[in-house]
Amino acid sequence: MIISGEWASAIQDYLNAITAAGHRPNTVYARRQQLQHLARRVEVGPWQLDHEQLVAYLGAQQWARETRRSRIAAIEGFYDWGVKRKHIGRKRRPTKGLTKLSPADPQPRPVPDQVYLEALIRAGADEALWIDLAAEHGLRRAEIAGMHSRDIVPTLLGYDLIVHGKGGKDRLVPLTAPMARALLERGDGWLWVGDDGGHISPRWLGFRVNRLLSGAWTIHKLRHRAATRFWVTAGGDPYVVAELMGWASIAMVRTYVKLPDDRLRNVVEGASRAGSPIVRGIP
1 MIISGEWASA
11 IQDYLNAITA
21 AGHRPNTVYA
31 RRQQLQHLAR
41 RVEVGPWQLD
51 HEQLVAYLGA
61 QQWARETRRS
71 RIAAIEGFYD
81 WGVKRKHIGR
91 KRRPTKGLTK
101 LSPADPQPRP
111 VPDQVYLEAL
121 IRAGADEALW
131 IDLAAEHGLR
141 RAEIAGMHSR
151 DIVPTLLGYD
161 LIVHGKGGKD
171 RLVPLTAPMA
181 RALLERGDGW
191 LWVGDDGGHI
201 SPRWLGFRVN
211 RLLSGAWTIH
221 KLRHRAATRF
231 WVTAGGDPYV
241 VAELMGWASI
251 AMVRTYVKLP
261 DDRLRNVVEG
271 ASRAGSPIVR
281 GIP
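Positions 1 to 283 (my numbering) are the ones given, in order, by the sequence shown.
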């Protein structure tokens, strides 16, 4: 579906505004995709769209709850900008009166070992690195796609990767020795050359990894795997996990980390009268 000139101009002006405000390229890219999706599915221009038409568009989409929340936030940001630029009156915003969605209950789903290993077997050289950067280092697909040789820095213990995360927040993630060697061998410049500002697009990278994962598993669930393994290895320290994953709040640990079954079992059995020295002997 073709985007009208009015939509294309409005979206570009909005993207220019948030870029000037300091939003990261990954955020700008996501907003472009989200607003273009809307533009292709409505029959009027951005400033003629009314509340009922927007609700009909949202109602026709089969999105997960968190995806829906993100899309609505993107559309609200666009129309808030439109009000400030006087493209539309505050009372005429189609987003006015939209129901606020609360975050979904945490349901971490780390990719199982069998699915992960089978994907590695099917993967090409680049795809195998992408899978391990997500599953063993906790990187998002956009963080992988935008990697540059200058982001690999030597330390006393090996190599770290400067990861350019959401909201313009950088973090350091130690690289495993095999990963460091593989990345250094790629030479100088963008590690995955493409037509998205010089590097491969996050969307294409995610598509290529997702098709290697059996069932409904996705590259995002490889991050759940990384977070869970970080949590176990760190002895349940949420601050270490949050730092490695690039989260501002440790509350995100509940969203990504699935408590291993053996840990839950040990807690229950240890608290039982059979396993606890405090209650042992009580009939």
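Using N, Cα and C, we set each Cβ at its ideal position, and we do this for glycine too.
From residue i to residue j, what distance separates their C-alpha atoms?
| i | j | result |
| --- | --- | --- |
| Asp-50 | Val-240 | 46 Å |
| Pro-154 | Trp-81 | 43 Å |
| Ala-177 | Val-115 | 24 Å |
| Pro-238 | Gly-138 | 14 Å |
| Ile-2 | Ala-234 | 50 Å |
| Leu-184 | Ile-152 | 8 Å |
| Leu-161 | Phe-207 | 24 Å |
| Ile-121 | Ala-128 | 8 Å |
| His-87 | Lys-166 | 29 Å |
| Gly-215 | Arg-65 | 20 Å |
| Leu-264 | Leu-156 | 37 Å |
| Val-285 | Phe-78 | With the chain running from 1 to 283 in the structure shown, residue 285 is simply not present. |
| Phe-230 | Lys-84 | 44 Å |
| Val-42 | Ala-180 | 47 Å |
| Met-252 | Glu-52 | 34 Å |
| His-37 | Val-28 | 14 Å |
In the DSSP assignment, what residue or residues form a beta bridge with residue i?
| i | result |
| --- | --- |
| Arg-171 | Val-163 |
| Val-153 | Asp-160 |
| Val-193 | His-199 |
| His-148 | Trp-190 |
Quick one: what does DSSP say residue i is sitting in, helix, strand or coil?
| i | result |
| --- | --- |
| His-87 | coil |
| Asp-262 | helix |
| Ile-250 | coil |
| Ala-8 | helix |
| Val-209 | helix |
| Met-1 | coil |
| Asp-132 | helix |
| Gly-82 | helix |
| Pro-283 | Only weak support is given to the placement of Pro-283: the predicted model assigns it a pLDDT of 48, under 50, and the value that follows is read from those uncertain coordinates. In the structure shown, Pro-283 sits in coil (DSSP, three-state: anything other than H, G, I, E or B). |
| Leu-49 | coil |
| His-137 | coil |
| Pro-220 | The residue you asked about is not Pro; residue 220 is His in the sequence shown. Of the three classes helix, strand and coil, the one that applies to His-220 here is helix, per DSSP. |
| Gln-107 | coil |
| His-37 | helix |
| Trp-204 | helix |
| Arg-24 | coil |
| Ala-227 | helix |
| Ser-70 | helix |
| Gln-114 | helix |
Among the options, which residue has its Cα nearest to the Cα of residue i?
| i | options | result |
| --- | --- | --- |
| Trp-204 | Ala-142, Met-147, Glu-136 and Arg-171 | Ala-142 |
| Ala-119 | Ser-201, Ile-219 and Met-245 | Ile-219 |
| Trp-130 | Ser-249, Leu-212 and Glu-66 | Leu-212 |
| Gly-5 | Gln-34, Ala-30, Arg-24 and Arg-40 | Arg-40 |
| Gly-168 | Thr-255, Gln-33, Trp-247 and Gln-36 | Trp-247 |
| Leu-175 | Gly-189, Ile-250, Leu-133 and His-164 | Leu-133 |
| Thr-99 | Ala-73, Ala-182 and Ala-251 | Ala-73 |
| Trp-63 | Glu-76, Thr-27 and Leu-101 | Leu-101 |
Please tell me whether, using a cut-off of 7 Å, the distance from the CB of residue i to the nearest non-hydrogen atom of the ligand GTP is below it.
| i | result |
| --- | --- |
| Lys-221 | What this structure holds is no ligand at all, so the ligand GTP is not there to describe. |
State whether the segment 109-119 contacts the segment 224-233, with contact taken as three or more CB pairs (one from each stretch) at a distance under 8 Å. Contact holds: three or more Cβ-Cβ distances are below 8 Å.
Just checking, does the segment 34-53 make contact with the segment 5-13 on the three C-beta pairs under 8 Å criterion? yes
Check whether the segment 191-203 and the segment 90-97 touch, using three or more Cβ-Cβ pairs below 8 Å as the test. no
Segment contact, 8 Å Cβ cut-off, at least three pairs: the segment 13-23 with the segment 52-60: no
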